[in-house]
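Note sheet for the following structure.
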Amino acid sequence: MFTPTPYLRLLLLKGILLFGRVAYAQEAGVSGGGNGGSSGRAESAAIRGSSAPTAGLAAAATQEVRIPKGASVTLRAGSQGASSYMWFKDGEAISGASQAEYAAGEDGVYTVLAYNAEGCSSDMSEGVQVIVEESTIAADLRILKKSEDRQVVVNQTFDYWLTVSNNGAGEASSVFVTDILPQELEFEQLDLPDLGAADYETATHTVIWKIDALEEGATASLKIRVKALQAGWIENTATVGGSQDDPDPSNNISIDRKNVAGLWVPNVVTPNGDGKNDRLQIPGLGNFVENELVILNRWGNHVFEQKGYQHNWTGEGLNEGTYYYLLKVKTAGGSWQAFKGYITLLRGRVNAD
Numbered sequence: 169m170f171t172p173t174p175y176l177r178l179l180l181l182k183g184i185l186l187f188g189r190v191a192y193a194q195e196a197g198v199s200g201g202g203n204g205g206s207s208g209r210a211e212s213a214a215i216r217g218s219s220a221p222t223a224g225l226a227a228a229a230t231q232e233v234r235i236p237k238g239a240s241v242t243l244r245a246g247s248q249g250a251s252s253y254m255w256f257k258d259g260e261a262i263s264g265a266s267q268a269e270y271a272a273g274e275d276g277v278y279t280v281l282a283y284n285a286e287g288c289s290s291d292m293s294e295g296v297q298v299i300v301e302e303s304t305i306a307a308d309l310r311i312l313k314k315s316e317d318r319q320v321v322v323n324q325t326f327d328y329w330l331t332v333s334n335n336g337a338g339e340a341s342s343v344f345v346t347d348i349l350p351q352e353l354e355f356e357q358l359d360l361p362d363l364g365a366a367d368y369e370t371a372t373h374t375v376i377w378k379i380d381a382l383e384e385g386a387t388a389s390l391k392i393r394v395k396a397l398q399a400g401w402i403e404n405t406a407t408v409g410g411s412q413d414d415p416d417p418s419n420n421i422s423i424d425r426k427n428v429a430g431l432w433v434p435n436v437v438t439p440n441g442d443g444k445n446d447r448l449q450i451p452g453l454g455n456f457v458e459n460e461l462v463i464l465n466r467w468g469n470h471v472f473e474q475k476g477y478q479h480n481w482t483g484e485g486l487n488e489g490t491y492y493y494l495l496k497v498k499t500a501g502g503s504w505q506a507f508k509g510y511i512t513l514l515r516g517r518v519n520a521d
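Every position in the sequence shown, counted from 1, becomes a number in my numbering once 168 is added.
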């Protein structure tokens, strides 16, 4: 007579079966071989024998196992002398489920019968209730806003870079970046981003960048060109968000602070003796360690050169007209920057403020 002593056990990731109960270290890690996940084995205690052969879990009531949607838990039946099995879900036989293991990925109460070679069956095992939960996939989005390292002066253009990263643990969807430009800046242009689409809203002075999906570990960047309108420290803030929960909101915001020097080269000099614009004066030049000014006529001939410019050029001896300048300045960091432009020399006229 076939009197098997069968038992059930669960194959779980980071789960421990204690006396027929499952204690989780991480519920989100429950997985099974059926979906390609790795699993660790946690055996139940063996069923005690009885005069009536049974299959079940260590004298326990129906167990409850929770798994995230898309995962599975592997149930394993064992019995001495058993040659085949029949698995049931909610009391209905599962077609083709005749092996010792079954990967359960749907809601339901699972039980099993054991059969010996002669076709004799055991009693029905105790049940394992599988509950499939809607999983909340989190995506840790991070944004970094950074301006060019070089010194910038008033009326000069420079670039910002926005970099968005997905630190995981899932794909981020409907990623949305906003960057409100402060009034000290004038928008110039947007480069094409690595991913998604970006646009500038004139009415709100805002750059908006949308990315449909950003995979785990992926990074995308966008370059913004602006013009500095005022001297001083300019603070610019960018933010990022997505459809998923973000476990670390502290990196969803990035602030860049840029110091704009007050260097400005006038484009008109009127040496008419009225005390206004009689000399080429360059405000903000003292903010730089060293400087050198070269002024050329339209044929490219040098008409003025001075290292450490003293704000003393009046165009003396030169005809009215347009002249071109090359101003080089040395920043506190030791690098040289060049500024080019034109100066109109007007004599005997009222100056232009």
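Beta carbons are placed, not taken as given, at the ideal position from N, Cα and C, and that holds for glycine.
Residue i and residue j closer than 9 Å at C-beta
i                 : j              : result
phenylalanine 344 : isoleucine 376 : yes
valine 296        : tyrosine 283   : no
valine 321        : glycine 454    : no
alanine 406       : alanine 381    : no
asparagine 459    : lysine 475     : yes
glycine 410       : leucine 330    : no
threonine 387     : aspartate 416  : no
phenylalanine 507 : tyrosine 492   : no
lysine 498        : valine 462     : no
Minimum C-alpha distance to residue i - residue among the options
i              : options                        : result
glycine 338    : Glu383, Val241, Thr370, Phe355 : Glu383
leucine 353    : Gln324, Leu360, Ser342         : Gln324
arginine 447   : Ala406, Val436, Leu453         : Val436
tyrosine 368   : Val233, Ile379, Asp362, Phe355 : Phe355
glutamate 316  : Pro350, Val457, Val428         : Val428
glycine 385    : Asn455, Lys378, Ala307         : Ala307
serine 252     : Cys288, Pro434, Val241, Asn465 : Cys288
glycine 364    : Phe507, Trp504, Lys378, Val457 : Lys378
glycine 441    : Leu494, Gly483, Gly476         : Gly483
leucine 358    : Gln478, Ser389, Tyr491         : Ser389
glutamine 398  : His470, Ile262, Lys426         : Lys426
threonine 351  : Phe326, Arg318, Lys395, Ser342 : According to the sequence as given, residue 351 is glutamine; it is not threonine. Here the closest residue by C-alpha is Lys395.
aspartate 258  : Met292, Asn404, Asp347         : Met292
lysine 314     : Phe256, Gly276, Ala285, Asp347 : Asp347
isoleucine 450 : Phe456, Val433, Thr438, Val462 : Val433
asparagine 404 : Leu349, Asn419, Phe456         : Leu349
glycine 246    : Met254, Ile421, Gln505         : Met254
glutamine 248  : Glu260, Ala285, Val233, Asp275 : Ala285
glycine 485    : Tyr510, Gln478, His479, Arg515 : Arg515
glutamine 505  : Glu260, Lys496, Gly273, Thr490 : Lys496
tyrosine 477   : Gly452, Ser342, Thr490, Gly443 : Gly452
Where the beta strand (DSSP E) through residue i begins and ends
i             : result
histidine 470 : 470-475
alanine 268   : Unbroken run through alanine 268: none, as it is neither H nor E.
serine 333    : 325-337
valine 345    : 340-348
valine 277    : 276-283
glycine 246   : 241-246
leucine 514   : Counting along the chain, leucine 514 falls outside any beta strand (DSSP E), and DSSP gives it neither H nor E.
serine 252    : 252-257
Reduced DSSP secondary structure (H/G/I, E/B, other) of residue i
i              : result
leucine 309    : strand
proline 236    : strand
asparagine 487 : coil
asparagine 459 : strand
serine 503     : coil
glycine 430    : coil
glycine 419    : What sits at residue 419 in the sequence shown is asparagine, not glycine. It is helical.
glutamate 356  : strand
glycine 454    : helix
methionine 292 : coil
leucine 363    : coil
threonine 370  : coil
asparagine 404 : strand
leucine 397    : coil
glutamate 131  : Outside the displayed span of the chain (169 to 521) sits residue 131, for which this structure offers no information.
Cβ neighbour criterion (16 or more within 10 Å) applied to residue i
i              : result
isoleucine 299 : exposed
tryptophan 401 : exposed
glutamine 231  : buried
valine 280     : buried
threonine 242  : buried
glycine 501    : exposed
alanine 371    : exposed
glutamine 412  : buried
isoleucine 311 : buried
asparagine 487 : exposed
glutamine 319  : buried
leucine 360    : exposed
tyrosine 270   : buried
isoleucine 235 : buried
serine 503     : exposed
glutamate 294  : buried
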